[in-house]
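In our numbering, the protein residues as written are 154 to 321.
Okay, so here's the structure we're looking at.
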Amino acid sequence: MQPNDTALVFGKRRMTYADLDGEINRMARLLINYGAGPERIVALGLPRSVDMVVALFAVLRTGAAYLPLELDHPAERLAVMIDDARPVVLLTTVAASPKFDGADVRTIVIDEPDTAARRLTISARALSASELGAFAPGHRIDSTTPRTSSTPPARPASPRAWSPDTAA
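Rendered as structure tokens:
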């Protein structure tokens, strides 16, 4: 594999490995600015597309987990999933965003003109160890030192959590 070899084809759109890597780095930096990282969740409310592939790899590059949201699910079900998972941010598109109007989550609409323009200003170079923090390659956690976490404490089960009455 060479940087200029085709890495991804979707419809008429083609991306080389170099272009794909650059887009993943841009998206990862955007997500890090929204709090993505180890022990965090990013919700993906995206249709199947090049942007979905970029977003998925960008989430993984930050060390976060992703919550895939199926756009054919009812909006109420998606809101419950978001409420239960408590992602730091939701990535979606203009077309899909109405499905998430009732969700209580910061949202990035990746194909809005302002967001698309801002993404182009973000560096495409590889993420540095300082950007990746504890997720950087070669970073070791000393097992004798107590770990601290900036994640919020667990919360009690939501009254909107799954029950036979709310099952679809």
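By construction, the Cβ of each residue, glycine as well, lies at the ideal position given by its N, Cα and C atoms.
Here the structure is a predicted model, which is why all the values come from computation and not from measurement.
Give the secondary structure of residue i by DSSP, where H, G and I count as helix, E and B as strand, and everything else as coil.
{"i": "Ile261", "result": "strand"}
{"i": "Pro191", "result": "coil"}
{"i": "Thr246", "result": "coil"}
{"i": "Leu285", "result": "helix"}
{"i": "Pro227", "result": "coil"}
{"i": "Leu222", "result": "coil"}
{"i": "Pro240", "result": "coil"}
{"i": "Leu280", "result": "coil"}
{"i": "Ala256", "result": "coil"}
{"i": "Met234", "result": "helix"}
{"i": "Pro266", "result": "helix"}
{"i": "Pro156", "result": "coil"}
{"i": "Asp295", "result": "Annotation note: pLDDT 46 at Asp295 (below 50); position unreliable, no value reported."}
{"i": "Thr304", "result": "Caution is warranted here: a pLDDT of 43 is assigned to Thr304, below 50, making its placement in the model unreliable, and the coordinate value is therefore given only provisionally. Coil, per DSSP."}
For residue i and residue j, which I take to be in contact (beta-carbon distance under 8 Å), what is that distance rounded to the nearest angstrom?
{"i": "Glu176", "j": "Val207", "result": "5 Å"}
{"i": "Val242", "j": "Tyr187", "result": "4 Å"}
{"i": "Thr351", "j": "Phe253", "result": "No information on residue 351 is available, as it lies outside the stretch 154 to 321 that the chain covers here."}
{"i": "Leu209", "j": "Ala238", "result": "Not a contact, Cβ separation roughly 16 Å."}
{"i": "Asp225", "j": "Asp257", "result": "In fact, because the Cβ distance is near 22 Å, the residues do not count as touching under 8 Å."}
{"i": "Thr159", "j": "Ala189", "result": "Rounded, the Cβ-Cβ distance is 28 Å, inconsistent with contact."}
{"i": "Arg179", "j": "Ala277", "result": "5 Å"}
DSSP puts residue i in a beta bridge; with which residues?
{"i": "Val162", "result": "Arg167"}
Within 6 Å: the Cβ of residue i and any heavy atom of the ligand NAP?
{"i": "Gly216", "result": "Absence of the ligand NAP from the depicted structure is noted, as is the absence of any ligand whatsoever, leaving it without description."}
Contained alpha helix (DSSP H) runs [length at least 4] in the stretch 164-215, N- to C-terminal order = Entirely contained in the stretch 164-215, the alpha helix (DSSP H) runs reaching 4 residues are, in chain order, 170-186, 203-215.
Spell out a yes or no on whether the stretch 155-169 and the stretch 179-198 are touching, meaning 3 or more CB-CB pairs, one atom from each, closer than 8 Å.
-> Of all C-beta pairs linking the stretch 155-169 to the stretch 179-198, fewer than three are shorter than 8 Å, placing the two stretches out of contact.
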